[in-house]
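All remarks here apply to the structure that follows.
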Amino acid sequence: MVLRKSIILLVTVLLAGCVSMLSEQRKEAVTNMPFKGIRTAAFAVPAVLAVSHGNFENIIIKESVSPRIEYDGSTDYFEVIDVDVKEISNFTFVLNALCDCLGFRKWAVLSEAFLIAPDGKFVALKEVGSAQTRTLTGAFLRLGMHKLVVIAKSKFDGQLMGRISGQLDHLDPATKFGLPLVAHPTGVVQVNWIKEAS
Numbered sequence: 344m345v346l347r348k349s350i351i352l353l354v355t356v357l358l359a360g361c362v363s364m365l366s367e368q369r370k371e372a373v374t375n376m377p378f379k380g381i382r383t384a385a386f387a388v389p390a391v392l393a394v395s396h397g398n399f400e401n402i403i404i405k406e407s408v409s410p411r412i413e414y415d416g417s418t419d420y421f422e423v424i425d426v427d428v429k430e431i432s433n434f435t436f437v438l439n440a441l442c443d444c445l446g447f448r449k450w451a452v453l454s455e456a457f458l459i460a461p462d463g464k465f466v467a468l469k470e471v472g473s474a475q476t477r478t479l480t481g482a483f484l485r486l487g488m489h490k491l492v493v494i495a496k497s498k499f500d501g502q503l504m505g506r507i508s509g510q511l512d513h514l515d516p517a518t519k520f521g522l523p524l525v526a527h528p529t530g531v532v533q534v535n536w537i538k539e540a541s
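Just add 343 to wherever you are in the sequence shown, counting from 1, and you've got the working numbering.
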């Protein structure tokens, strides 16, 4: 019985990292040089994908292909997402740092996001939430293609973001386990553009 539970735990832990296979990543690097400003980076780097209203997309921020930016005292990897605004309205985005849980490695991106209008102006964002899940709200004041820049904050590398808890056998409380989830400078971020109820 103990052997069976141990095997189930091992298989669960080893296969839990498969979220990265369901994500979009850049096919080739844009440049080796880090960008100096968020606005410049937003318009110089082709978007890795577009997110549509009422849908979500998973993006991979990856060391070998994602561009870099000098920001907040460090050089960080980032990605750009296209947001096509078709009407002046309020918006809600939810950013989820998805755990890269392959084997006993448990880490996720601690990200920061900026939204830039077609005219290059920053869109005001109100943020609430935790290190792993953050909600961004605001108002679109212009139509057209906006750029959502998601930066993976490397200065928090290795810091505790939370814990991953589980239980091997739902009938046996002795099989509960917990593992630390730590910040990492690359990984998967889910970007969800929430469709408000009418």
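Glycine is no exception: its CB is placed at the ideal position from the N, C-alpha and C atoms.
Do you know offhand how far residue i's Cα is from residue j's?
i: N375; j: P516; result: 51 Å
i: A526; j: R411; result: 18 Å
i: A495; j: K370; result: 18 Å
i: S363; j: V452; result: Residue placement at S363 is poorly supported in this model, since its pLDDT is 44, which falls under 50; the coordinates still yield a value, given next. The alpha-carbon atoms of S363 and V452 are separated by roughly 13 Å.
i: D443; j: L392; result: 21 Å
i: R485; j: K405; result: 31 Å
i: E422; j: S409; result: 6 Å
i: A385; j: Q475; result: 23 Å
i: G463; j: K449; result: 37 Å
i: L365; j: G530; result: Unreliable placement is indicated for L365, whose pLDDT of 49 sits below 50; no coordinate value is reported for it.
Going by Cα to Cα distance, which pick from the options is closest to residue i?
i: A372; options: K379, A390, V426, G380; result: A390
i: F499; options: P377, D415, A385; result: D415
i: I424; options: V492, G530, G463; result: V492
i: K469; options: V531, F434, L441, N439; result: F434
i: I402; options: G487, K464, G463, S454; result: S454
i: E430; options: S407, F483, A440, V532; result: F483
Can you tell me whether residue i is helix, strand or coil according to DSSP?
i: T529; result: coil
i: A474; result: coil
i: R411; result: strand
i: F421; result: strand
i: T480; result: strand
i: T383; result: helix
i: S497; result: helix
Quick one: what's got a C-beta closer than 6 Å to residue i's C-beta in the same chain, skipping five residues either side?
i: V466; result: L458, A460, G481
i: S497; result: S417, D419, P528
i: E400; result: L392, V394, V534
i: V388; result: V373, P410, V423
i: T478; result: V437, V471, G472
i: F378; result: A384, I412
Say the cut is 7 Å; is the CB of residue i nearer than that to a heavy atom of the ligand GDP?
i: N433; result: You won't find the ligand GDP in this model; it holds no ligand whatsoever.
Sorted by chain position, which residues of the same chain lie with C-beta nearer than 7 Å to residue i's C-beta, five sequence neighbours on each side aside?
i: K538; result: H396, G397
Please report the Cβ distance between residue i and residue j, rounded to the nearest whole angstrom; I am assuming they are in contact, meaning their Cβ atoms lie under 8 Å.
i: V542; j: G487; result: Since the displayed the chain opens at 344 and closes at 541, residue 542 lies outside it and no answer follows.
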